[in-house]
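Working notes, structure below.
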Amino acid sequence: MLSNIPEYAPTTCLSLCKLSTSGSHKQLGGWPCLQAMETLTLHLILTLHPLYIYLCLLMYVESNLGNLPKSGKSVYFFWFINFSRIDSAMEGCKYSKRALALGFVLWVGFLLIFVSGAEGWSKEGHIMTCRIAQSLLKPDAAHVVKHLLPEYANGDLSSLCTWPDQIRHWYKYRWTSSLHFIDTPDNECSFDYARDCHDQHGQENMCVAGAIQNFTSQLLHYKEGTSDRRYNLTEALLFLSHFMGDIHQPMHCAFTSDEGGNTIELRWFRHKSNLHHVWDREIILTAAKDYYEKDMDLLLEDIEGNFTDGVWSDDTSSWRDCKDILSCPIKYATESIKIACKWGYKGVENGATLADDYFNSRMPIVMKRIAQGGVRLAMILNHVFSDDQEGFVSPT
Numbered sequence: 022m023l024s025n026i027p028e029y030a031p032t033t034c035l036s037l038c039k040l041s042t043s044g045s046h047k048q049l050g051g052w053p054c055l056q057a058m059e060t061l062t063l064h065l066i067l068t069l070h071p072l073y074i075y076l077c078l079l080m081y082v083e084s085n086l087g088n089l090p091k092s093g094k095s096v097y098f099f100w101f102i103n104f105s106r107i108d109s110a111m112e113g114c115k116y117s118k119r120a121l122a123l124g125f126v127l128w129v130g131f132l133l134i135f136v137s138g139a140e141g142w143s144k145e146g147h148i149m150t151c152r153i154a155q156s157l158l159k160p161d162a163a164h165v166v167k168h169l170l171p172e173y174a175n176g177d178l179s180s181l182c183t184w185p186d187q188i189r190h191w192y193k194y195r196w197t198s199s200l201h202f203i204d205t206p207d208n209e210c211s212f213d214y215a216r217d218c219h220d221q222h223g224q225e226n227m228c229v230a231g232a233i234q235n236f237t238s239q240l241l242h243y244k245e246g247t248s249d250r251r252y253n254l255t256e257a258l259l260f261l262s263h264f265m266g267d268i269h270q271p272m273h274c275a276f277t278s279d280e281g282g283n284t285i286e287l288r289w290f291r292h293k294s295n296l297h298h299v300w301d302r303e304i305i306l307t308a309a310k311d312y313y314e315k316d317m318d319l320l321l322e323d324i325e326g327n328f329t330d331g332v333w334s335d336d337t338s339s340w341r342d343c344k345d346i347l348s349c350p351i352k353y354a355t356e357s358i359k360i361a362c363k364w365g366y367k368g369v370e371n372g373a374t375l376a377d378d379y380f381n382s383r384m385p386i387v388m389k390r391i392a393q394g395g396v397r398l399a400m401i402l403n404h405v406f407s408d409d410q411e412g413f414v415s416p417t
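If you count the sequence shown from 1, you need to add 21 to reach my numbering.
See below:
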């Protein structure tokens with residue numbers, strides 16, 4: 022029975038797992054094989070073979086919790102059984118008691134989630150931000166972005182804009198966890214870089230504003246055109262693109278005590294949620310359902326229409342205005358914490374029910390922040406990858 026696995030796996034799944042990241046500046050820490058395993062897992066679920074699901078999850082656990090290989094190595098997945106028919110695609114498989122134990126726990130949890138129809142974390146906002154940005158790139162910048170993206174992205178930046186969320190808890194990337202947000206003092210409603218940009222251990226520059234500065238600076242090395250680059254510019258591009266979305270989500274720059282609204286539990290209309298998730302996803306999905314028949318493309322068209330020739334068209338020049346790399350993310354974070362105070366937290370308490378009044382007044386703000394994130398990401402990429410000087414100047 023186990024030898025039947027390739028019959029349920031699409032050709033693309035196995036071919037992706039044959040990829041080696043050796044010597045490639047486009048390495049993404051095992052991303053091709055992770056995508057392949059997720060694809061395989063989905064197919065196994067649809068065939069209702071629990072044992073197959075379990076085996077696939079063992080590889081997923083190891084790839085997430087293990088010490089992943091460094092650049093220049095092939096991606097390995099540790100498996101507790103050797104399938105002869107896919108051995109060429111899955112080299113280096115070996116027995117792992119930890120994977121066996123953790124895989125069982127994940128298998129049970131995964132099945133419960135699958136049966137209950139629970140949804141995952143937000144991706145819609147990031148995808149729209151990246152689609153807006155890519156549509157505004159100048160030819161030179163557009164060419165570089167497509168060059169840096171892995172082949173399996175097919176030139177689509179938005180297809181990998183959620184990658185930093187997928188890998189933030191992997192051993193290799195655990196250091197990036199604090200880069201997705203900024204914790205500010207409760208009720209201060211301000212952002213001070215020296216005061217607020219650090220991780221839980223006090224390490225400086227470890228926040229989303231610092232991350233944007235760092236990865237923008239890394240991407241500037243592309244212009245040097247050297248073959249011996251110090252940075253993985255593909256990862257830098259994806260981190261920058263993702264963090265530009267995060268910094269424009271107001272609850273990612275919010276109060277320390279409630280973890281950006283994550284501990285404020287409430288009801289969104291008729292179901293349970295929390296304040297952070299309301300801004301991350303609930304407002305977007307409710308807007309798509311109520312006004313766009315759940316068609317995210319139509320929603321995106323409306324957002325783009327508002328800043329090209331609609332209600333925000335006169336504001337886009339001010340959106341792009343900041344004098345240098347250091348001041349840009351500080352401006353964006355300051356905007357977000359002020360919005361969080363004025364619109365996010367206002368009138369919200371633990372156990373509250375948020376419905377039409379909250380949704381109707383906050384929806385335009387969410388859509389505007391998505392637009393601003395996309396316009397500003399394009400501005401940065403155009404400057405970094407072309408001769409476009411609009412917006413800010415590079416540091417010396």
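All C-beta atoms, glycine included, are put in the ideal place defined by N, C-alpha and C.
If you compare the alpha carbons of Met400, His292 and Asn253 with that of Cys349, the shortest gap goes to Met400. In the displayed model, Asn371 falls within coil according to three-state DSSP, outside both helix and strand.
According to the DSSP assignment, Phe264 belongs to the alpha helix (DSSP H) that extends over Leu254 to His269. Taking a C-beta distance under 8 Å as the contact criterion, Glu256 and Asn371 do not qualify as a contact pair. Each residue's CA atom was taken as its position, placing Glu245 and His164 some 16 Å apart.
Your pair Leu240 and Leu259 does not check out as a contact, with CB atoms roughly 11 Å apart and the cut at 8 Å.
Restricting attention to beta strand (DSSP E) runs no shorter than 3 residues, the segment 189-230 encloses them at 203-205, ordered along the chain. According to the DSSP secondary-structure assignment, Asn295 is paired through a beta bridge with Glu286.
For Ala174, there is no enclosing alpha helix (DSSP H), as DSSP marks it with neither H nor E. For Cys151, the uninterrupted alpha helix (DSSP H) run begins and ends at Glu145 to Ser156, by DSSP. Between His242 and Cys228, the C-beta gap is not smaller than 8 Å, which leaves the two residues out of contact. The C-alpha of Pro185 is placed about 21 Å away from the C-alpha of Val299.
When beta bridges are read from the DSSP output, Phe276 appears opposite Thr205.
The beta carbons of Met272 and Ala354 sit no closer together than 8 Å. Contact annotation: Leu158 and Met265 have beta-carbon atoms that are not nearer than 8 Å. The segment 311-323 makes no contact with the segment 173-187, as fewer than three CB pairs between them are under 8 Å. In its chain, beyond the 5 residues on either side, Ser180 and Leu181 have a beta carbon closer than 8 Å to the beta carbon of Ala174. In the DSSP annotation of this structure, the continuous segment of the alpha helix (DSSP H) that includes Thr329 starts and ends at Met317 to Thr329. Per DSSP, Ser407 is not a residue of any alpha helix (DSSP H), being assigned neither H nor E. In this chain, the alpha helix (DSSP H) harbouring Ala163 covers Pro160 to Leu169.
The residue from Thr307, Ala309, Thr284 and Phe290 with its alpha-carbon nearest to that of His297 is Thr284.
For Leu49, there is no enclosing alpha helix (DSSP H), as DSSP gives it neither H nor E. Non-local beta-carbon contacts of Trp364 in its own chain, meaning distances under 6 Å to residues more than five positions away in sequence, involve Arg383 and Ile386 in chain order.
Distance check between Phe202 and each of Asp336, Gly231, Asp342 and Gln393 places Gly231 closest, using alpha-carbon atoms only. Beta-bridge pairing by DSSP links Asp186 to no other residue. Counting C-beta atoms within 10 angstroms of its own C-beta, Gly331 has fewer than 16 neighbours from the protein chains shown and is therefore classed as exposed.
Going by DSSP, Ala361 is part of no alpha helix (DSSP H) at all; its letter is neither H nor E. Only residues of its own chain outside the window of five on either side were considered, and among them Leu254, Thr255 and Leu258 have a CB closer than 6 Å to the CB of Leu169, listed in chain order. Collapsing the DSSP output to three states places Asp345 in a strand. Excluding residues up to 5 positions away in sequence, Ala257, Phe260 and Leu261 lie with their Cβ nearer than 6 Å to the Cβ of Phe236 in the same chain.
Of the residues assessed, Lys389 falls on the buried side of the cut-off, its CB having 16 or more other CB atoms within 10 angstroms.
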